[in-house]
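K.L.:
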């Protein structure tokens, strides 16, 4: 009596299991890709003018190189902000460990400058548009552990599609 | 043909398994050993014992980085990239901490971590407050050895 309906439910549950496993596998694959290989980052705001547009950019960042080598001067990196761990600003590495960095504390108000030595295991990051950027001049050098990835390509907007790398500043 | 087929199946299964395992250990929880006696009464209570404690690390707290004073956390060292330490959060952002030299205020987005064994611990007293972004998980319970399975209090 119950065999048709039970076979229906058997098939349905098997199909549901199958599609559930498929979704889980896709999710896991995406997680591993974005956590170990590379990810898309969205950059917004004026701090990286003229390298990035203030109106918004999609960037492709990779996570592989930080495992094998230290970031070098000129790299554009995605960091986790030391002031608010939920924000991931994009800045340029200006100094690596052991470098002596002089910077103007607040270019808008005065030209008072300060010189620091970047401590071991840290990098000094700065926006390209120094007049409107919240970076290491405010919160100090950033540990390597906060670097999320190195920006490789600009993906969107399309008219500027291309690699983004170290440029002399 | 048969052996190739079996090898292909095994490779596919192990690839899928490793991906799922990595995702679970990143998103949900993982088990890590505790080395050294810097957290001595809580972990590794006996000096020089060959049985290191294994602890369960909860990763759900990384979604919004909400921590409380007294949480035991795993974080990557701010000075030595690649090292990971287990310490207890003693000061949250905005609190005043008296270190050995002077009284300082923990900056926004940072926390002050110290080991339970004050005499042999490398912690915020030497490298200062750490950014919350360095934290990689919260230790919730001891998993191994079996006689020490317990929850970690705040």
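Protein chains in written order, with the UniProt record's numbering: chain Y, 1 to 169; chain H, 1 to 154.
The C-beta atom is built at its ideal place from N, Cα and C for all residues, glycine as well.
1. Does residue 68 of chain H come out as helix, strand or coil in the three-state DSSP assignment?
2. Per DSSP, residue 57 of chain Y is paired with what?
3. Checking contacts by CB at 7 angstroms: is residue 169 of chain Y closer than that to chain H?
4. To the nearest angstrom, report how far apart residue 157 of chain Y and residue 53 of chain Y are at their CA atoms.
5. In chain order, which continuous runs of the alpha helix (DSSP H) of length 4 or greater are located wholly inside the segment 76 to 147 of chain Y?
6. Would you decide whether residue 103 of chain H is buried or exposed? Buried here means 16 or more other CB atoms lie within 10 Å of its CB.
7. Note down, in chain order, every chain Y residue with its Cβ under 8 angstroms from the Cβ of residue 122 of chain H.
8. Below 8 angstroms on the Cβ atoms is my contact criterion, and I expect residue 78 of chain H with residue 145 of chain Y to pass it. Report the Cβ-Cβ distance as a whole number of Å.
9. Kindly indicate the opening and closing residues of the alpha helix (DSSP H) around residue 16 of chain H.
10. Of the residues that make up the segment 42 to 64 of chain Y, which ones have a beta carbon closer than 7 angstroms to any beta carbon in chain H?
11. Just to confirm my understanding: we take residue 168 of chain Y, look at its own chain, exclude 5 residues before and 5 after, and list those with CB closer than 6 angstroms. What are they?
12. In chain H, what lies closer than 7 angstroms to residue 144 of chain Y by C-beta?
13. At the 7 angstroms Cβ level, is residue 87 of chain Y part of the contact set with chain H, yes or no?
14. Just the Cα atoms here: how many angstroms apart are residue 8 of chain Y and residue 23 of chain Y?
15. When you compare each of Y/42, Y/36, Y/153 and Y/154 to residue 87 of chain Y by their alpha carbons, which one comes out closest?
16. With distances taken from CA atoms, which of H/127, H/94 and H/16 is nearest residue 101 of chain H?
17. Please go through the same chain and pick out, in chain order, the residues whose beta-carbon is closer than 7 angstroms to the beta-carbon of residue 37 of chain H, but skip the five residues on each side of it.
18. Give me the residue from H/69, H/82 and H/95 with the minimum Cα distance to residue 157 of chain H.
19. How would you label residue 112 of chain Y, buried or exposed, when you count the other beta carbons within 10 angstroms and need 16 or more for buried?
20. Taking only three categories from DSSP, how would you classify residue 93 of chain H?
21. Using a Cβ cut-off of 7 angstroms, pull out every chain H residue sitting near residue 98 of chain Y, in sequence order please.
22. What residues of chain H sit near residue 80 of chain Y, judged by a beta carbon separation below 7 angstroms?
P.N.:
Taking the structure as given:
1. coil
2. Y/43
3. Below a pLDDT of 50, predicted positions are generally treated as unreliable, and residue 169 of chain Y, at 46, falls in that range; no measurement from the model is reported.
4. Distance between the alpha carbons of residue 157 of chain Y and residue 53 of chain Y: 9 angstroms.
5. 136 to 139
6. With fewer than 16 neighbouring CB atoms inside 10 Å of its own CB, residue 103 of chain H falls in the exposed class.
7. Here the premise fails: no neighbours, minimum Cβ distance about 13 angstroms.
8. So it is a contact: roughly 7 angstroms between Cβ atoms.
9. 2 to 27
10. none
11. In this prediction, residue 168 of chain Y has a pLDDT of 49, which is less than 50 and means its spatial position is unreliable; what the coordinates show is noted afterwards. Same-chain partners within the cutoff: there are none.
12. 81
13. Contacts with chain H at 7 angstroms (Cβ-Cβ) do not include residue 87 of chain Y.
14. Near 22 angstroms, if we compare the C-alpha coordinates of residue 23 of chain Y and residue 8 of chain Y.
15. The shortest Cα separation from residue 87 of chain Y among Y/42, Y/36, Y/153 and Y/154 belongs to Y/42.
16. H/127
17. These residues qualify, in order along the chain: 44, 47, 117 and 120.
18. Since the first residue shown for chain H is 1 and the last is 154, residue 157 of chain H is missing from the structure and cannot be characterised.
19. By the beta-carbon neighbour count (other beta carbons within 10 angstroms, threshold 16), residue 112 of chain Y is exposed.
20. Reduced to three states, the DSSP call for residue 93 of chain H is coil.
21. What residue 98 of chain Y touches in chain H: nothing, since even the nearest Cβ is about 13 angstroms away.
22. 133
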